[in-house]
Structure formats: structure tokens, C-alpha cells
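What follows is one structure encoded as C-alpha cells, with my remarks underneath.
There are 2 protein chains.
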Amino acid sequence: MNLLIASTSTVYGGKYLDYLTAEIQNLFSGIGEVLFIPYACPSGMSHDAYTEIVAKKFSESGIKIKGIHQFANPKDAIAQAKGIFTGGGNTFVLVKQLYDNDLLDVLSTRIKAGLPYMGTSAGSNIAGISMHNTNDMPIVQVPDYKTLGVLPFNINPHYLDPAPDLLKHMGETRDTRIKEYLHYNQTPVVALREGSWIEGKENQLFLRGKLSARVYFNLNDIREIEPGTDLSHLIHQK
Amino acid sequence: MNLLIASTSTVYGGKYLDYLTAEIQNLFSGIGEVLFIPYACPSGMSHDAYTEIVAKKFSESGIKIKGIHQFANPKDAIAQAKGIFTGGGNTFVLVKQLYDNDLLDVLSTRIKAGLPYMGTSAGSNIAGISMHNTNDMPIVQVPDYKTLGVLPFNINPHYLDPAPDLLKHMGETRDTRIKEYLHYNQTPVVALREGSWIEGKENQLFLRGKLSARVYFNLNDIREIEPGTDLSHLIHQK
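In the order they appear, the protein sequences are chains A and B.
To convert, count from 1 in the first sequence and add 2; that's our numbering.
To convert, count from 1 in the second sequence and add 2; that's our numbering.
If you want it as C-alpha cells, here you go:
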């Protein structure tokens with residue numbers, strides 16, 4: 003597999019996708035046109051407007067972008083794509099449209115066969131086994147939480163460490179929420195901090211970026227892993 | 003209706019339900035035993051452990067607590083209850099158990115007929131038309147997002163104002179998330195800040211507490227309303 007699964011599109015103080023420019027050029031090297039999936043509609047943005055933002059960024063690297071909504075048949079668009087990028091927004095809105103258009107199987111099959119795939123935020127959530135660990139509000143109903151399953155775990159993007167002194171708010175921390183998940187589920191969760199990503203090459207899944215990631219194997223086995231670690235190896239050891 | 007729909011169980015620096023003691027005594031006045039619904043399982047807590055915490059707090063007001071899980075038939079428990087409290091935790095875990103036990107209809111019917119009902123957080127979310135505006139992680143799958151509908155709007159509990167300087171995090175603000183919801187739905191959303199609650203008396207729904215609440219009628223009509231406002235009147239004016 004050829005994967006770039008990023009926690010976020012934009013790091014604090016940076017511009018859209020700027021910290022990933024070299025990674026994008028590497029992943030989509032030699033590919034003239036990448037298919038963009040704008041279904042996550044951040045802030046309710048239209049597919050056209052979202053695609054335009056992405057096209058502008060990718061043009062800096064000489065890569066054309068075409069939105070999946072611009073094709074008569076989205077399934078064919080995926081079947082024929084040379085590379086795919088799914089942007090962030092609301093995971094429920096994204097997954098609903100993937101189910102409505104019956105795209106999960108074809109997308110999963112192609113990625114597993116080596117198609118270069120990039121996701122940020124919601125687009126990374128769907129690379130996991132299920133979308134159970136999204137941080138998004140369930141603003142639309144999805145037929146199922148099962149997602150692409152190209153990673154052997156789930157993703158929690160935008161992971162935030164508990165900051166009890168920062169906010170006068172008694173809401174659950176991210177850590178608490180993921181642990182609650184593990185009371186009901188056996189799927190491991192990889193929590194990616196801002197600026198972290200997973201690089202998938204063949205059967206290896208390397209943690210990239212400057213920060214460690216938090217891997218929740220189960221309630222009794224939670225580890226901080228360092229950049230460069232092969233997550234695939236870690237998971238298969240279990 | 004006789005309602006106490008609170009944003010949170012615990013205000014910053016306070017103890018569990020302490021800021022609501024007088025309200026609890028008022029709502030459940032003359033009722034010796036209140037039925038507690040512990041299904042939201044905060045931090046994966048057992049029904050017994052959660053019920054014990056609530057029983058301890060209510061005993062200060064001379065009110066007995068019995069957990070719905072202690073009854074052979076939970077539907078009968080609701081049918082015969084003199085008052086009901088649903089505690090916070092994970093809204094998905096709560097709603098799944100309500101559906102699994104087929105309790106939504108009987109609960110809604112009894113509350114609409116005047117049964118004193120108190121909810122905090124997830125227990126308040128379910129008083130709305132749907133659970134679409136919960137902040138919780140979708141750690142289990144629910145059959146449907148439709149909830150009790152005893153309020154003519156949805157609740158977003160624990161509402162947090164945008165704080166761009168506080169967190170170096172590019173995630174969506176609560177305001178952004180609720181606005182995204184309104185791109186796909188027509189149901190108004192009442193966002194309750196910590197320490198705010200709605201007091202329902204007959205056909206009126208008063209905002210209580212010290213803070214204003216944010217009412218999202220639609221994308222073009224978002225208002226800050228002051229404590230004492232009758233939300234029912236506001237909604238029916240629309």
C-alpha cells in the first residue's frame with residue numbers, strides 16, 4: 003500500500019497542507035491528476051469550493067485535481083484514478099456519501115492493491131476499520147460505522163492531551179473517550195497528534211512527524227510510540 | 003411537563019450535582035423514590051457503581067434512588083416510576099440501551115404526561131428531538147438518532163465558546179459543528195453553557211442559571227438568550 007494518513011490538514015500557524023508538501027510530491031510522484039473526494043464538506047462547504055482550494059494547493063506541485071462530484075459515475079472515477087485524496091470535514095457527512103454512492107468496497111480494494119491514497123482528518127478516519135473514533139458531531143446518520151479497513155486499527159485524529167488547567171470544562175478528555183470505546187470494542191486505536199501522520203509503504207506503516215503517538219491496544223495496554231516506529235509490526239506482534 | 007434539563011452534572015470546582023440541589027428537591031418534591039437510568043456509563047462505569055454515586059447525592063435530600071437495571075422489566079419500571087433521572091456519560095451508549103430495551107416510547111409518553119424528569123448531559127441530549135448535537139464519540143452504533151422529543155429542539159450540552167488563543171488546535175469549534183448540522187437539518191439547537199439548565203413547567207421552558215444560552219434557529223438566525231427566557235415561546239413564534 004501507498005498511504006499518507008495525516009491527523010490534520012493544517013498545523014498551528016501554517017497554511018493548508020503546507021507541512022505535507024514534500025510528502026504529497028513523494029506519494030503522487032509521476033501522477034498528473036489526483037482524484038479528490040470532497041464529501042466531508044468542512045463548514046458545509048460545497049464540493050466545488052472545496053475542490054478549488056485543494057486544486058490550488060496541488061497545482062504548486064504540478065498536480066491536477068479533479069473532484070469526484072465532477073464525474074458522471076463516482077464508482078468509475080475511483081476505478082480509474084491514479085491517486086486519491088480525501089479531505090477533512092465531518093466524518094459522518096463523508097461516510098454517508100460514500101455509502102450512498104456505494105464507494106467503500108471499490109475504494110478499499112484499489113487502495114489495498116497499491117493505489118496511492120492520502121487522507122487528512124475525516125479522510126484518515128475512514129482508512130481505519132471503523133469511524134468509531136472520530137471527534138466529529140453526528141450531524142447526519144450513517145448506515146454503518148464500518149469504513150475502509152486499509153489500516154488494521156482505528157484512527158483518532160487531532161489527538162489532544164488532557165489539559166485540566168487550561169479549560170474550566172468538566173467534559174471528557176480525548177483519553178477518557180477512547181478508553182470508553184475500549185469498554186465495548188476490541189479494535190486498537192492509534193491517536194495521532196497534530197502534525198503527525200502515518201506513511202504506508204508495502205506492508206509497513208511508519209509513524210511520521212515530530213511527535214509521539216498514543217496507541218491504545220486495549221484498556222490495559224496503552225503506549226506512547228516514537229516517530230519512525232512501524233505500527234504494522236507492533237499490531238501484528240499482539 | 004416537569005423538566006430539569008441540565009448542561010452538566012458538575013460545574014467547575016464543584017461537587018457532583020451540588021449546584022442543582024435546590025432544583026432537584028423542587029422537581030422531585032414529595033417523591034420518595036426516583037428511578038435512575040445509568041445507561042450512559044461515564045468512563046465505562048458499571049450500572050451499579052453509577053447508581054451508588056447518584057443514590058448518595060439524592061440521599062442528602064431524603065430521596066431514594068433505584069437503578070432501572072435492578073428491575074426485572076425496565077419498561078414496567080418506567081411505567082410505574084414517580085420521577086426519573088437520566089445521568090450523563092456517552093450519549094451513544096445511552097441511546098443504544100434505550101433502543102435495545104424499547105424504552106423511548108414509554109419514557110416519552112410518561113414525560114409528556116407530566117412525570118418529573120431530570121437529565122444531565124447525555125440525559126439532556128435525549129430530551130431533544132434527536133441526538134445529532136451530542137459532543138460524544140460514537141463508540142457504539144445506535145439504531146436511530148431520534149430521541150424522546152419532549153423538547154421542540156435539540157440540545158448541545160457543555161457548550162464552549164470559540165477560544166482561538168487558548169488551544170493551538172485547528173479542530174472545529176462547537177459553533178462550527180452546530181452550523182454544519184444546520185446545513186443538513188431544520189431542527190433548532192439550544193446550546194447550553196456549563197451551569198445552565200432548562201426548567202420545564204407545563205408548556206413553558208425557562209432558561210435557568212447565570213449564563214446566556216445560544217439558540218441556533220437556522221444558519222441565518224442565531225441568538226444569545228438571557229436566563230429567564232421562555233424557550234417554548236421563542237420556538238413557537240418562529
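A virtual CB, placed ideally from N, CA and C, is assigned to each residue, including glycine.
Since residue 184 (chain A) is in the alpha helix (DSSP H), which residue starts that stretch and which ends it? 176 to 186
Whole-Å CB distance - residue 110 (chain A) paired with residue 152 (chain A), under 8 angstroms assumed: Cβ-Cβ separation between residue 110 (chain A) and residue 152 (chain A): approximately 6 angstroms, consistent with a contact (criterion under 8 angstroms).
Between the Cα of residue 20 (chain A) and those of A:194, A:61, A:45 and A:150, spot the shortest distance and give me the residue it belongs to. A:61
Report the CB separation of residue 35 (chain B) from residue 84 (chain B) in whole angstroms; it is logged as a contact under 8 angstroms. 7 angstroms
Since residue 160 (chain A) is in the beta strand (DSSP E), which residue starts that stretch and which ends it? 156 to 161
Would you mind stating whether residue 80 (chain B) and residue 112 (chain B) have Cβ atoms separated by less than 8 angstroms? yes
Please tell me whether residue 155 (chain B) and residue 178 (chain B) are closer than 8 angstroms, where the distance is taken between their beta carbons. No. Outside cutoff.
Proximal chain B residues relative to residue 120 (chain A), where beta-carbon distance stays under 7 angstroms: By Cβ distance, chain B contributes nothing, its closest Cβ being about 18 angstroms from residue 120 (chain A), past 7 angstroms.
Name, in chain order, the residues that DSSP records as bridge partners for residue 92 (chain A). Paired residues: none, contrary to the question.
Would you check if there are 3 or more beta carbon pairs closer than 8 angstroms linking the segment 70 to 80 of chain B to the segment 143 to 151 of chain B? no
Limits of the unbroken beta strand (DSSP E) element including residue 121 (chain A): 119 to 122
With burial defined as no fewer than 16 other Cβ atoms inside 10 Å of the residue's Cβ, what is the status of residue 226 (chain A): buried or exposed? exposed
Output yes or no for whether 8 angstroms exceeds the beta carbon distance between residue 238 (chain B) and residue 187 (chain B). Not a contact, by the Cβ cut-off of 8 angstroms.
7 angstroms Cβ shell around residue 95 (chain A) - same chain, five flanking residues per side excluded: 41, 42, 43, 141 and 142
For residue 126 (chain A), the nearest candidate out of A:200, A:204, A:15 and A:216 (CA to CA): A:200
Say whether the segment 219 to 234 of chain A touches the segment 202 to 211 of chain A, bearing in mind that this needs 3 or more beta-carbon pairs closer than 8 angstroms, one atom from each stretch. yes
For chain B, is any of its Cβ atoms less than 8 angstroms away from the one on residue 128 (chain A)? Answer no: the Cβ-Cβ gap between residue 128 (chain A) and chain B never drops below 8 angstroms.
For residue 47 (chain A) versus residue 204 (chain A), is the C-beta spacing smaller than 8 angstroms? Contact: no.
So for residue 19 (chain A), helix, strand or coil by DSSP? coil
If you count every other CB in all the chains shown that lies within 10 Å of the CB of residue 181 (chain A), and 16 or more means buried, which is it? Buried, by the Cβ-count rule.
So residue 92 (chain B) and residue 138 (chain B) are supposed to be a Cβ contact under 8 angstroms. How far apart are they, rounded? 5 angstroms
Can you say whether residue 235 (chain B) is buried or exposed, counting buried as having 16 or more other CB atoms within 10 angstroms of its CB? Exposed.
Just to check my reading of the structure: residue 59 (chain A) and residue 14 (chain A) have Cβ atoms closer than 8 angstroms, yes? What is that Cβ distance to the nearest angstrom? Contact between residue 59 (chain A) and residue 14 (chain A) is absent: CB atoms are separated by about 18 angstroms, not below the 8 angstroms threshold.
Collapsed DSSP secondary structure at residue 11 (chain B) in the structure displayed: coil
Which ranges would you report for the alpha helix (DSSP H) in the segment 65 to 112 of chain B if only whole runs of at least 4 residues count? 76 to 82 and 93 to 102
With 8 angstroms set as the bound, which would you pick, yes or no: does the beta-carbon of residue 178 (chain A) sit closer than that to a beta-carbon of chain B? yes
State the Cα-Cα distance for the pair residue 130 (chain B) and residue 97 (chain A), rounded to the nearest angstrom. Just so you know, the alpha carbons of residue 130 (chain B) and residue 97 (chain A) end up roughly 24 angstroms apart.
Taking only three categories from DSSP, how would you classify residue 202 (chain B)? strand
Mind listing the chain A neighbours of residue 142 (chain B)? Cutoff is C-beta to C-beta under 7 angstroms, in chain order. 186
Relative to the alpha-carbon of residue 2 (chain B), which residue among B:164, B:160, B:176 and B:217 has its alpha-carbon at the smallest distance? Residue 2 (chain B) cannot be examined here, being either before or after the span of chain B that is shown, 3 to 240.
The segment 132 to 159 of chain A: positions lying closer than 8 angstroms to chain B by Cβ: 133, 134, 135, 136, 137, 138, 139, 140, 141, 142, 143, 146 and 147
Between which two residues does the alpha helix (DSSP H) containing residue 233 (chain B) stretch? 233 to 239
Using the three-state DSSP reduction, which class does residue 35 (chain A) fall into: helix, strand or coil? strand
By how many angstroms is the C-alpha of residue 32 (chain A) removed from the C-alpha of residue 193 (chain B)? 49 angstroms
For residue 152 (chain B), which of helix, strand or coil comes out of DSSP? coil
Simplified DSSP state of residue 52 (chain A), which is helix, strand or coil: helix
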